[in-house]
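This report concerns only the one structure given below.
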Amino acid sequence: MARDKKLIIGNWKMNLNVHESSLYVHKLAQIVKVHRDVEVVLAPTLLALQTLSLQVNYRQFKLAAQNFYWRDHGAFTGEVSATQLHGIVQYGLVGHSERRHVFGESDKDTRSKVQAALRNNIRPILCIGETTSERTMNETNDVLHDQLVGGLANVTSEELESVIIAYEPVWAIGTGNNATAQDVATAVLAIRSQLKHLYGARAAEKVSVIYGGSVTADSAADYLALPDIDGLLIGGASLDANAFNTIVEKAFKRSKVHK
Ligand code: 13P
4 MARDKKLIIG
14 NWKMNLNVHE
24 SSLYVHKLAQ
34 IVKVHRDVEV
44 VLAPTLLALQ
54 TLSLQVNYRQ
64 FKLAAQNFYW
74 RDHGAFTGEV
84 SATQLHGIVQ
94 YGLVGHSERR
104 HVFGESDKDT
114 RSKVQAALRN
124 NIRPILCIGE
134 TTSERTMNET
144 NDVLHDQLVG
154 GLANVTSEEL
164 ESVIIAYEPV
174 WAIGTGNNAT
184 AQDVATAVLA
194 IRSQLKHLYG
204 ARAAEKVSVI
214 YGGSVTADSA
224 ADYLALPDID
234 GLLIGGASLD
244 ANAFNTIVEK
254 AFKRSKVHK
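Below, the structure written as structure tokens:
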């Protein structure tokens, strides 16, 4: 099926302070064109979200939180909730590989965060993907299944339409060791067939599935050409304005091709 709306998300991770983030958005705003069929989302440091929410033109850029806590309020020193982010961000990353593997987040945590995002009107981007050793041991499909079922438990098929699934194989993140288009096509097929099993064919077809892991301005087109993919989650290359803009333009071309 033609999937004509593309989603390009830049995850800046723990880079740029508030001032630098603001300058960088100013630079991006001058070069990134608004395209009806491409949604461009920026995920800066949490600290910069408030400032950028006042700075960006929402037709040009939407904002995403890189992380948040799943309770809405209370005695949770140091945490920020989806309730507090409501009105500032439109998207929230959940279960990013660095959250899972550096900070030990479990599927139970991701499930609670998906729920928190949905009840606060924030679209969750549920990140899933296997490690090198899981891949070597042929466990990719099992990992994708467990992380999908774990993160989506309690999500209704109606709510699923607001969820984005990001396939981010751990071995491809920040390594320059990017997955081939064939690797991604295989994983996305597995994801959609598991979603079909969980929610039925129509819901599985509608859900947005994106890829992330060492995507560059050069490699983006290969992934965007896959018929079943809805966009890209970009780390390193999102911090280079020209590279990021090139990726947005490639997404635009792809969205037109499929009309
Ligand atoms: P890189 O593009 O730097 O590999 O990062 C991918 C990623 O983790 C995006 O969330």
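Just so you know, we're using our numbering here: the sequence shown kicks off at 4 and counts up by one.
Ideal Cβ positions, reconstructed from N, Cα and C, are used throughout, including at glycine.
Taking 9 Å as the threshold (C-beta atoms), are residue j and residue i in contact?
i, j, result
"Y27", "L242", "yes"
"K3", "L227", "Only positions 4 to 262 of the chain appear in the structure, and residue 3 is not among them; the question remains open."
"T1", "L19", "This structure does not reach residue 1, given that the chain is present from 4 up to 262, and the question cannot be answered."
"I250", "A223", "yes"
"D225", "A175", "no"
"Q197", "H148", "yes"
"Q63", "A32", "yes"
"V212", "I232", "yes"
Could you give the first and the last residue of the continuous beta strand (DSSP E) run that contains residue i?
i, result
"K9", "9–14"
"S56", "No beta strand (DSSP E) holds S56; the alpha helix (DSSP H) holding it covers 49–58."
"L66", "65–68"
"Y94", "94–97"
"A193", "Counting along the chain, A193 falls outside any beta strand (DSSP E), though it belongs to the alpha helix (DSSP H) covering 184–202."
Relative to the alpha-carbon of residue i, which residue among the options has its alpha-carbon at the smallest distance?
i, options, result
"W15", "W174, A254, I237", "I237"
"P172", "A204, S211, S217, A156", "S217"
"V191", "E208, T80, Y202", "E208"
"G13", "M140, H76, L50, G95", "G95"
"L155", "I168, L235, V83, A68", "I168"
"L55", "G239, H29, N70", "H29"
Return the bridge partner residues of residue i from the DSSP annotation.
i, result
"I264", "Summary: the structure shown does not reach residue 264, with the chain confined to residues 4 through 262, and so no result is reported for it."
"S84", "Y72"
"P127", "G95"
"G89", "Per the sequence presented here, residue 89 reads as His, with Gly not at that position. For H89, which the question treats as bridged, DSSP gives the partners V92."
Classify residue i: buried if its beta carbon has 16 or more other beta carbons within 10 angstroms, exposed otherwise.
i, result
"S93", "Looking at the sequence provided, one finds Gln at residue 93 rather than Ser. Under this definition Q93 is a buried residue."
"E101", "buried"
"G107", "exposed"
"H99", "buried"
"A204", "exposed"
"T113", "buried"
"E252", "buried"
"V43", "buried"
"L57", "exposed"
"N60", "exposed"
"I11", "buried"
"N124", "exposed"
"T135", "exposed"
"L50", "exposed"
Could you give the first and the last residue of the continuous alpha helix (DSSP H) run that contains residue i?
i, result
"S115", "110–122"
"S211", "Premise fails: S211 lies in the beta strand (DSSP E), 211–215, not in any alpha helix (DSSP H)."
"E161", "160–163"
"Y61", "Where Y61 is concerned, there is no enclosing alpha helix (DSSP H), given that its DSSP letter is neither H nor E."
"L26", "21–34"
"L42", "The amino acid at residue 42 is misidentified as Leu; the sequence shows Glu. Segment 41–46 is the beta strand (DSSP E) holding E42; no alpha helix (DSSP H) there."
Between residue i and chain B, is the shortest Cβ-Cβ distance under 9 Å, so that the two count as touching?
i, result
"W15", "Note that chain B does not occur in the displayed structure, where there is just one protein chain."
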